[in-house]
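To start, the structure under review is shown below, and the notes come after it.
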Amino acid sequence: MKTLVAILEKLDRRWIFLAMALAVAGPILIIGITGKTLPETPTPAARAVYNAIESLPPGSPILLSFDFDPGSGGELLPMATSLVHQCAARGHRMIFIALWPLGPTLIDQTIKKVIQSDYPNLKEGVDYVNLGFQSGNEAVMKVILTDFRKAFPTTKSGSAVSTVAAMKGIERVSDFPLLITISAGYPGAKEWIQYVVSSSGGKVKMVTGCTGVQTPQLFPYYPAQLNGMLGAIKGAAEYEALVNESLAPKDHSAAPNPKYLEAQRRMGPQLGAHLLMVALIILGNIAFFAARKTKAGATS
Amino acid sequence: MRRMVPMWIAIIAGFAMLLSAFFPMTESLGETFGDVFNVVAAIAFILGAGSLAKVNLAKVSRRDPGWGFAVVTLICFTITIVVGLGKFGVPQNPQFAALPWSGEKEAEGGAFAWIYAYALVPITATMFALLAFYVASAAFRAFRAKNLEAILLLSTAFIILLGRTFAGVVLTGWLPDWASGLRLENLSVYIMQVFNTAGNRAIIIGIALGVSATSLRILLGIDRSWMGSGD
Chain A
24 MKTLVAILEK LDRRWIFLAM ALAVAGPILI IGITGKTLPE TPTPAARAVY
74 NAIESLPPGS PILLSFDFDP GSGGELLPMA TSLVHQCAAR GHRMIFIALW
124 PLGPTLIDQT IKKVIQSDYP NLKEGVDYVN LGFQSGNEAV MKVILTDFRK
174 AFPTTKSGSA VSTVAAMKGI ERVSDFPLLI TISAGYPGAK EWIQYVVSSS
224 GGKVKMVTGC TGVQTPQLFP YYPAQLNGML GAIKGAAEYE ALVNESLAPK
274 DHSAAPNPKY LEAQRRMGPQ LGAHLLMVAL IILGNIAFFA ARKTKAGATS
Chain B
342 MRRMVPMWIA IIAGFAMLLS AFFPMTESLG ETFGDVFNVV AAIAFILGAG
392 SLAKVNLAKV SRRDPGWGFA VVTLICFTIT IVVGLGKFGV PQNPQFAALP
442 WSGEKEAEGG AFAWIYAYAL VPITATMFAL LAFYVASAAF RAFRAKNLEA
492 ILLLSTAFII LLGRTFAGVV LTGWLPDWAS GLRLENLSVY IMQVFNTAGN
542 RAIIIGIALG VSATSLRILL GIDRSWMGSG D
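Protein chains in written order, with our numbering: chain A, 24 to 323; chain B, 342 to 572.
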């Protein structure tokens, strides 16, 4: 016991780094080889996101705001993929915008990965459109409350928004029956709630997918101002499982495409990392109490 | 004069935005100031770029500690801005084929897209991933059950860490339905929705009151610290 405590007290942090690398790499390899993922039980918050999209009649315009950058892509891109997957499968009109400068590229990636690859019948400018980035943070939100085209006069590729069929009937943000924001910080879900959902007097319904850091900060708004929420990769995995289940063939003859399993695949490394963290906290406390006991014995 | 003009701009714009939220007749005034803000925000990007160049050039010329990193920053900044503005390798936009440089700067095949895919994405992902290693090290060295508060914090951490993974299902999935509230996955949701929400709401309300008080001080010209020291 004494030897173990002595080792723990002097443990070089590089051993901890190595343990973390193994805890993450192991599940990645196992899931990569077997293709199997861990089962997920959706929480009410994730189910609410699914229901919000599912309950709209096909062809409904949905505003999707990509308020993140590649740094948060590990957590947020899988949920962006699933959200677009469900919207496309339901035949909704998708209007993409970004309040973060690197958002438009992530929108293009998601469009290519989901819509252009699996829904080639959906036409750009008719069924979906990327309006790109607009600077101004909350000021953009204030402007689109009254005049959407003032903030986004052209599409990302330069066409006038007034000529885009997908924008038919959209004058202001409250014309969208649903707003989806995929958010990594400022400006993000919190600002959308404060400046758009609250200002619209409840006309705008909103769901969000957010990073783990933001999740506790957004819970106070759920379910009143925020109709549904996907918190971090766990929320993404729950929602992904729901979408895959609903879009799977009735006899379950075909497994989902691996690109629609990204969030569930990442729950493996998350499990490894969390278990290691718990083990490290326990070991750290064993070393702490043993050292305290030794010190107390020496002074008495 | 250098302080009076910005102060009056802030007072007029602030009151216009405030009134536009309450009185429909002043809504268009609020919109106008919103438009002005958007233009200023776009110009701020140029200001930001200028500031970045100025700070890093000064660091290099003074040979401050870590000046080599400033050189790397300046080189990367220059390459990215030249490549982005020059649209190197960007294919022509078929919608506007007659116009030169009509392709999007991020278009596939362009140099900017290459920088994005092979430099920016891996660098930012690596930075984010490094967190896991430092958090693990901190968990080992800092999370000590020294007192009641620390024990509560650790217990919550255990529930959340295990409840947000399949480990929660394995460890407590056997509990009967009448005790399902004690399953780790349900406990973690309960903690987030009840304790966390209560604490966060208190913080949010406190912040809102603080923001209101500070905003009022700025709007009335009492607080002028936002303009800097004026040197």
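We put the CB at the ideal spot given by N, CA and C, even for glycine.
Reference residue i; option with closest CA among the options
i, options, result
"Ala458(B)", "Gln132(A), Lys136(A), Arg37(A)", "Gln132(A)"
"Ile456(B)", "Pro365(B), Phe536(B), Val423(B), Ser402(B)", "Val423(B)"
"Glu268(A)", "Ala259(A), Pro279(A), Gly258(A)", "Pro279(A)"
"Phe429(B)", "Phe437(B), Pro435(B), Ile420(B)", "Ile420(B)"
"Ala42(A)", "Phe481(B), Val413(B), Glu447(B), Met468(B)", "Phe481(B)"
"Tyr244(A)", "Val166(A), Leu100(A), Ala68(A)", "Ala68(A)"
"Asn527(B)", "Thr538(B), Ala543(B), Trp515(B), Gly509(B)", "Gly509(B)"
"Leu345(A)", "Ile76(A), Met300(A), Ile134(A)", "Nothing can be reported for residue 345(A): it is not among the residues displayed for chain A, which extend from 24 to 323."
"Thr368(B)", "Val380(B), Ala354(B), Val381(B)", "A small correction: the amino acid at residue 368(B) is Glu; Thr does not occupy that position in the sequence shown. Cα-wise, what sits closest to Glu368(B) is Ala354(B)."
"Phe199(A)", "Gly225(A), Gly181(A), Ser185(A), Ile56(A)", "Gly225(A)"
"Pro81(A)", "Thr66(A), Gln109(A), Gly97(A)", "Gln109(A)"
"Pro281(A)", "Ile54(A), Trp38(A), Arg36(A)", "Ile54(A)"
"Leu426(B)", "Trp442(B), Ala362(B), Ala411(B)", "Trp442(B)"
"Lys228(A)", "Ser78(A), Phe312(A), Leu34(A)", "Ser78(A)"
"Phe536(B)", "Lys273(A), Ala174(A), Lys191(A), Phe242(A)", "Phe242(A)"
"Gln248(A)", "Val266(A), Tyr218(A), Ile256(A), Lys257(A)", "Tyr218(A)"
Residues of its chain near residue i, where Cβ-Cβ distance is below 7 Å and the 5 sequence neighbours each way are ignored
i, result
"Leu125(A)", "Asp92, Pro93"
"Leu359(B)", "none"
"Thr414(B)", "Asn397"
"Phe40(A)", "none"
"Ala189(A)", "Arg116, Ile118, Gly148, Val149, Asp150, Tyr151, Val152"
Enclosing beta strand (DSSP E) for residue i [first to last residue]
i, result
"Asp90(A)", "84-90"
"Val230(A)", "229-233"
"Ile216(A)", "Element bounds for Ile216(A): n/a, residue is neither H nor E."
"Arg36(A)", "Here Arg36(A) belongs to no beta strand (DSSP E); instead the alpha helix (DSSP H) covers 36-57."
"Tyr151(A)", "151-156"
"Ser206(A)", "201-206"
"Met117(A)", "116-121"
Own chain residues within Cβ distance below 8 Å of residue i, not counting five before or after
i, result
"Gly444(B)", "Lys428, Val431, Pro432, Gln433, Asn434, Gly451"
"Thr555(B)", "Asp564"
"Ala271(A)", "Ala277, Pro279"
"Pro176(A)", "Ala183, Val184"
C-beta contact flag for residue i and residue j at 9 Å
i, j, result
"Asp90(A)", "Trp123(A)", "yes"
"Gly235(A)", "Ile205(A)", "no"
"Ile352(B)", "Leu561(B)", "yes"
"Leu106(A)", "Glu285(A)", "no"
"Gly171(A)", "Ala121(A)", "Looking at the sequence shown, residue 171(A) is not Gly but Phe. Taking 9 Å as the Cβ cut-off, Phe171(A) and Ala121(A) do not qualify as a contacting pair."
"Thr506(B)", "Met290(A)", "yes"
"Ala111(A)", "Met102(A)", "no"
"Ala486(B)", "Leu495(B)", "yes"
"Pro143(A)", "His115(A)", "no"
"Leu154(A)", "Lys179(A)", "yes"
"Val137(A)", "Thr104(A)", "yes"
"Leu86(A)", "Val196(A)", "yes"
"Ala382(B)", "Gly159(A)", "yes"
"Gly325(A)", "Phe378(B)", "Outside the shown range of chain A, which is 24 to 323, sits residue 325(A), and nothing can be said about it."
"Leu299(A)", "Ala46(A)", "yes"
"Leu61(A)", "Gln287(A)", "yes"
"Phe418(B)", "Ala390(B)", "yes"
"Pro239(A)", "Asn541(B)", "yes"
"Ala357(B)", "Phe374(B)", "yes"
Contact set for residue i: own chain, Cβ-Cβ below 6 Å, skip 5 residues either direction
i, result
"Val230(A)", "Val72, Ala75, Ile203, Asn250, Gly251"
"Trp349(B)", "none"
Range of the contiguous alpha helix (DSSP H) that encloses residue i
i, result
"Ser269(A)", "255-270"
"Phe507(B)", "507-513"
"Glu368(B)", "368-403"
"Trp408(B)", "408-427"
"Asn11(A)", "Residue 11(A) lies beyond the range of chain A shown here (24 to 323); nothing can be said about it."
"Trp519(B)", "Neither: Trp519(B) is in no alpha helix (DSSP H) and is coded neither H nor E."
"Phe481(B)", "462-483"
"Ile545(B)", "538-560"
"Gly126(A)", "126-133"
"Thr322(A)", "285-322"
Do three or more CB pairs link the region 69-88 of chain A to the region 248-265 of chain A at distances below 8 Å?
-> Contact between the region 69-88 of chain A and the region 248-265 of chain A is present, because at least three Cβ pairs lie under 8 Å.
Mind the definition here: the region 302-312 of chain A touches the region 163-171 of chain A only if three or more C-beta pairs lie below 8 Å; say whether that holds.
-> no
Examine the Cβ distances between the region 198-216 of chain A and the region 25-40 of chain A and report whether three or more of them are shorter than 8 Å.
-> no
What residues in the region 129-153 of chain A bring their beta carbon closer than 8 Å to a beta carbon of chain E?
-> Absent here is chain E; the protein component of the structure consists of chains A and B.
Three CB pairs or more closer than 8 Å across the region 528-536 of chain B and the region 494-503 of chain B = yes
Is there contact here, the region 392-406 of chain B with the region 173-187 of chain A, by at least three beta-carbon pairs under 8 Å?
-> Taking a contact to require three or more Cβ pairs closer than 8 Å, the region 392-406 of chain B and the region 173-187 of chain A do not qualify as touching.
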